[in-house]
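> Structure incoming, see below.
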Amino acid sequence: MNTQPAKKKQLPELKPTAWGNAVYKIAGNTLRPLYNLVIDIEFRGIEKLPEGGCIVVANHISEVDPITVAYPLFKEGKLPRFLAKESLFHAPVLGWLMRTIAHVPVSRGSVDARKSLETARNIVEAGGSIIIYPEGTLTTDPDQWPMVGRTGAARLALATGAPVVPIAHWGDQQFMPPHSKPRFGKRHKVVVEVGDPIDFSDLVTEQKAERYSRSELMAVTDRMMDAVTAVLADIRGEKAPEGRWNPSTGVREIARTES
Numbered sequence: 001m002n003t004q005p006a007k008k009k010q011l012p013e014l015k016p017t018a019w020g021n022a023v024y025k026i027a028g029n030t031l032r033p034l035y036n037l038v039i040d041i042e043f044r045g046i047e048k049l050p051e052g053g054c055i056v057v058a059n060h061i062s063e064v065d066p067i068t069v070a071y072p073l074f075k076e077g078k079l080p081r082f083l084a085k086e087s088l089f090h091a092p093v094l095g096w097l098m099r100t101i102a103h104v105p106v107s108r109g110s111v112d113a114r115k116s117l118e119t120a121r122n123i124v125e126a127g128g129s130i131i132i133y134p135e136g137t138l139t140t141d142p143d144q145w146p147m148v149g150r151t152g153a154a155r156l157a158l159a160t161g162a163p164v165v166p167i168a169h170w171g172d173q174q175f176m177p178p179h180s181k182p183r184f185g186k187r188h189k190v191v192v193e194v195g196d197p198i199d200f201s202d203l204v205t206e207q208k209a210e211r212y213s214r215s216e217l218m219a220v221t222d223r224m225m226d227a228v229t230a231v232l233a234d235i236r237g238e239k240a241p242e243g244r245w246n247p248s249t250g251v252r253e254i255a256r257t258e259s
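Okay, structure coming up:
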C-alpha cells in the first residue's frame with residue numbers, strides 16, 4: 001500500500017479574464033444584499049481611493065472581513081484581487097470561485113512567493129487593485145489591534161510604485177469572532193474607513209529594479225502598519241497602544257516586523 005501523501009495539485013497561472021470578471025460581478029452583486037441583511041455598514045473616506053492601479057493594506061480581525069475590505073472598492077467599480085493562502089484555492093466551491101476570479105495564491109516558499117508578487121505586480125500595473133493583509137493572518141493581539149507586518153506588501157509597493165492605501169474596519173468581529181460561527185439574529189454595526197495614500201518617499205531614496213535592503217523593507221512595512229493602525233484608532237475613537245503585538249513572541253514590541 002502506498003502511504004505517501006498525495007501531492008497537492010499545482011495551480012495554473014491565474015490571470016483576470018472577461019469571464020472571471022463577469023463571475024466576480026455576479027458573486028459580488030449576489031453577496032452584497034446578503035451581507036447587508038446582517039451588517040449595517042458605514043463607509044468613510046471612499047473618495048480617497050485612487051483611480052487606476054493601487055495596493056490596499058488592511059487589518060484582519062475576522063474571517064468575514066475580506067467582504068468588508070473589498071466592499072468600498074467594489075462600490076467604486078473596482079474588482080480587487082486578494083493575496084490569499086494557497087490552501088483556499090483547493091477548497092471545494094470557494095477554491096473554484098477564487099481560481100475563476102483570479103485572486104493571487106500565496107505560499108511560503110521563496111520561489112512561489114516571488115511568483116505571487118510578480119502576478120500581483122502585473123495586476124496592479126494593468127490598472128487593477130490588490131488587497132493585502134500585511135500581518136498575513138488574523139490578529140492575535142489581545143485588543144485586536146494590528147500586529148507586526150510581513151514584508152510582502154512592501155516588496156510589491158516598491159516594485160510597482162503604485163499608490164498604497166490603508167483601509168481599516170471595526171465591528172466584523174462582533175458578527176463573526178475569529179475561528180467562530182456567525183452570530184445571526186441582529187444587524188451588526190461595521191465601520192470601514194479609507195485612509196490617505198501612504199508616502200514612503202523619505203524611506204526609500206531611489207527606485208530599484210530588484211533588491212531593497214532589509215531595513216528599507218522593514219521601514220516601509222512599519223509605515224504601512226502605522227497607517228492602518230491610525231485609521232483603526234480613528235474608527236475606535238481611542239489611542240492605539242505603544243508598540244505592536246508579535247505573534248511569534250506573544251508580547252508587544254516596538255518597531256519590529258517579520259519577513
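One point on numbering: in UniProt numbering, the residue at position 91 of the sequence shown is 91, and numbering is uninterrupted.
Positions of the beta carbon are idealized from the N, C-alpha and C atoms, including for glycine.
1) Apart from the five residues just before and just after asparagine 122, which ones in its own chain have a Cβ nearer than 7 Å to its Cβ?
2) Tell me the DSSP secondary structure of proline 16 in three-state form.
3) From this set, Glu253, Lys239, Pro16, which residue's C-alpha is nearest alanine 126's C-alpha?
4) Within a Cβ cutoff of 7 Å, which residues of the same chain sit near lysine 85, ignoring the five residues on either side of it in sequence?
5) Rank Phe43, Met224, Val23, His60 by C-alpha distance to the C-alpha of aspartate 141 and give the top, closest one.
6) Leucine 97 and alanine 159: beta carbons closer than 8 Å?
7) Following the continuous beta strand (DSSP E) through tryptophan 245, name the residue where it begins and the one where it ends.
8) Among Gly161, Arg32, Leu11, which residue has its Cα nearest to the Cα of valine 204?
9) Terminal residues of the continuous alpha helix (DSSP H) containing aspartate 202?
10) Restricting to Cα atoms, I'd like to know which of Lys239, Asp196, Gly136 is closest to lysine 48.
11) Taking the alpha helix (DSSP H) that isoleucine 101 falls in, what are its first and last residues?
12) Looking only at its own chain, which residues have a Cβ that is under 6 Å from the Cβ of glutamate 216, when we skip the five neighbours before and after it?
13) Does glutamate 42 come out as helix, strand or coil in the three-state DSSP assignment?
14) With distances taken Cα to Cα, identify the nearest neighbour of aspartate 199 among Gln173, Ala227, Val190.
15) How close, in whole Å, do the beta carbons of glycine 171 and valine 191 come, if the pair is a contact with beta carbons under 8 Å?
16) Run through the UniProt domain "Phospholipid/glycerol acyltransferase" (54 to 172) for me and flag every whole beta strand (DSSP E) of 3 or more residues, listed as ranges in chain order.
17) Does the contact criterion of 3 or more C-beta pairs under 8 Å hold for the region 127 to 138 versus the region 22 to 29?
18) Along the chain, where does the beta strand (DSSP E) that runs through glutamate 193 open and close?
19) Using DSSP with H/G/I as helix, E/B as strand and the rest coil, what is arginine 236?
So, to answer that:
1) Taking the first residue of the sequence shown as position 1, residue 122 is located at position 122. Excluding residues within five positions, none has a Cβ falling inside 7 Å.
2) Counting from one through the sequence shown, the residue named residue 16 turns up at place 16. Look at proline 16 here: in three-state DSSP terms it is coil, with no helix or strand label.
3) In the sequence shown, the residue the question calls residue 126 occupies position 126. The shortest C-alpha separation from alanine 126 is found at Pro16.
4) Here the question's residue 85 lines up with position 85 in the sequence shown. Take lysine 85, set aside five residues on each side of it, and the residues of its chain with a beta-carbon closer than 7 Å to its own are Val106, in chain order.
5) Within the sequence shown, residue 141 is the residue found at index 141, counting from 1. For aspartate 141, the closest of Phe43, Met224, Val23, His60 by C-alpha to C-alpha distance is His60.
6) Taking the first residue of the sequence shown as 1, we reach residue 97 at position 97. Taking the first residue of the sequence shown as 1, we reach residue 159 at position 159. No; because the gap between Cβ atoms is not below 8 Å, this pair is not in contact.
7) The residue you call residue 245 lines up with position 245 of the sequence shown. It spans 244 to 246 - the beta strand (DSSP E) in which tryptophan 245 sits, taken as one unbroken run.
8) As a first step, residue 204 is located in the sequence shown; it is residue number 204 there, counting from the start. When the alpha-carbon of valine 204 is set against those of Gly161, Arg32, Leu11, the nearest one is in Gly161.
9) Position 202 of the sequence shown, counting from 1, holds the residue named residue 202. In the DSSP annotation of this structure, aspartate 202 is not part of any alpha helix (DSSP H), being labelled neither H nor E.
10) Within the sequence shown, residue 48 is the residue found at index 48, counting from 1. Selection Lys239, Asp196, Gly136 evaluated against lysine 48 yields Asp196 as nearest (Cα-Cα).
11) Along the sequence shown, read from residue 1 onward, the residue named residue 101 stands at position 101. Looking at the DSSP string, the run of the alpha helix (DSSP H) that includes isoleucine 101 is 94 to 101.
12) Here residue 216 refers to the residue found at position 216 when the sequence shown is read from its first residue. Annotation for glutamate 216: Val204 place their beta carbon closer than 6 Å to its own, counting only its chain and skipping 5 residues before and after.
13) Counting from one through the sequence shown, the residue named residue 42 turns up at place 42. It is a strand residue.
14) Here residue 199 refers to the residue found at position 199 when the sequence shown is read from its first residue. Ranking Gln173, Ala227, Val190 by Cα distance to aspartate 199 puts Ala227 first.
15) Within the sequence shown, the letter at position 171 stands for residue 171. Within the sequence shown, the letter at position 191 stands for residue 191. So it is a contact: roughly 6 Å between Cβ atoms.
16) For the UniProt domain "Phospholipid/glycerol acyltransferase" (54 to 172), whole beta strand (DSSP E) runs of length 3 or above, ordered along the chain, are 54 to 58, 81 to 85, 104 to 106, 129 to 132, 164 to 170.
17) Because the criterion of three Cβ pairs below 8 Å is not met, the region 127 to 138 and the region 22 to 29 do not touch.
18) Sequence index remark: in the sequence shown, residue 193 carries index 193 (1-based). It spans 188 to 194 - the beta strand (DSSP E) in which glutamate 193 sits, taken as one unbroken run.
19) Translated into positions along the sequence shown, residue 236 becomes position 236. In this structure, arginine 236 counts as helix in the three-state DSSP scheme.
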